[in-house]
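To start, the structure itself, in structure tokens.
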Amino acid sequence: MKFYDLGVSSSLSTGEDAIETMLDLAIELGYSGMGFADFEENAPKIIKQLRKQYQDKCGIYTRATIVPRSVNNMKEKVKKLRNRVDFIAVKSGSDEKNIYINAILDKRVDIISLSDPKEFGSLDYSHFKMARENVTVIEISTQNLIREGIQKSRLMRIMSKCCVQLVRSKAPFILTSGAKSKWELRAPGELAALARLVKIPEKNAFAAMSLHPEKLVRKAEMIKDPNYIMAGVRVVSLEEGEQNGR
359 MKFYDLGVSS SLSTGEDAIE TMLDLAIELG YSGMGFADFE ENAPKIIKQL
409 RKQYQDKCGI YTRATIVPRS VNNMKEKVKK LRNRVDFIAV KSGSDEKNIY
459 INAILDKRVD IISLSDPKEF GSLDYSHFKM ARENVTVIEI STQNLIREGI
509 QKSRLMRIMS KCCVQLVRSK APFILTSGAK SKWELRAPGE LAALARLVKI
559 PEKNAFAAMS LHPEKLVRKA EMIKDPNYIM AGVRVVSLEE GEQNGR
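Per this note's numbering, numbering through the sequence shown is continuous, rising by one, with the last residue being 604.
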């Protein structure tokens, strides 16, 4: 089983440690791929050399996390970033629920990111069902469960209510550490233990670190394929077509 944490940040943006430092520890912890949420402003080309360096050790994926002020602002940012990064995640920067609803319905958006109490309280079963129908992935970030200065009891209560509805809806979701330093990285087993605290069964937690993020990775790789046209459609060579027809 391959494990992924697609929601970490390095010193390229809001994190403390260099990507290499984060990757080296992630490999020790048993991860096969890491997603760095550093690329709303930074050009992804800066990690080309790192991808070569770590190609046989750990996959490196680029992510932009958008915090839009409005639906129109979200659409503008998504349009700007879609062809630059592997994953686009959306967090609600206001109390406007329409931002999340439009993000769920927008095929260009990969991830709906939840990490703060307000965000966990913004979505319910109907939103998660909509996400399932549109194959939009929900991110449950555990970052505030491990950081000091957070009212853990209130956070866990709100997260638990949200996660029960999420699991019930059968919408795809990923579990991430939200780490901003190597000290905040957690092994898959530790993340699964944190997930149990907010009512996510172990089976679902491990799927959220393996099956669902791997599908996101495959989708990103498929879109990069020059023969890709749209979901489920790609150009095949004459030789490939003849082989498949035999």
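Glycine included, every Cβ here is placed at the ideal spot set by N, Cα and C.
The structure displayed is predicted, hence computed values, not measured ones.
As summarised for the region 463 to 539, the continuous beta strand (DSSP E) elements at least 3 residues long and confined to that stretch are 469 to 472, 495 to 499 and 531 to 534, given in chain order. According to DSSP, residue 419 shares a beta bridge with 393. With fewer than 16 neighbouring CB atoms inside 10 Å of its own CB, residue 463 falls in the exposed class.
Judged by DSSP in its simplified three-state form, residue 365 adopts strand. Ranking 440, 473 and 477 by CA distance to the CA of residue 456 puts 477 first. Considering only 365, 416 and 361, the residue with the shortest C-alpha distance to residue 378 is 416. The alpha-carbon separation between residue 530 and residue 440 amounts to approximately 21 Å. Nearest Cα to residue 538 within the set 376, 361 and 359: 376. Counting only the Cα atoms, residue 503 lies some 12 Å from residue 548. DSSP lists 424 and 470 as the bridge partner or partners of residue 448.
In this structure, the straight-line span from the alpha carbon of residue 460 to that of residue 397 is close to 22 Å. Inter-residue distance for residue 423 and residue 544 is about 21 Å (C-alpha atoms, whole angstroms).
Residue 447 and residue 372 have their C-alpha atoms some 16 Å from each other. Between the alpha carbons of residue 491 and residue 528 lies a distance of about 10 Å. Annotation for residue 547: the continuous alpha helix (DSSP H) segment containing it runs 546 to 555. Excluding five sequence positions before and after residue 421, the CB atoms of its chain that fall closer than 7 Å to its own CB belong to 364, 393, 394, 395, 397, 443, 444, 445 and 447, given in chain order. Nearest in C-alpha terms to residue 484, of all of 526, 410, 573 and 514, is 526.
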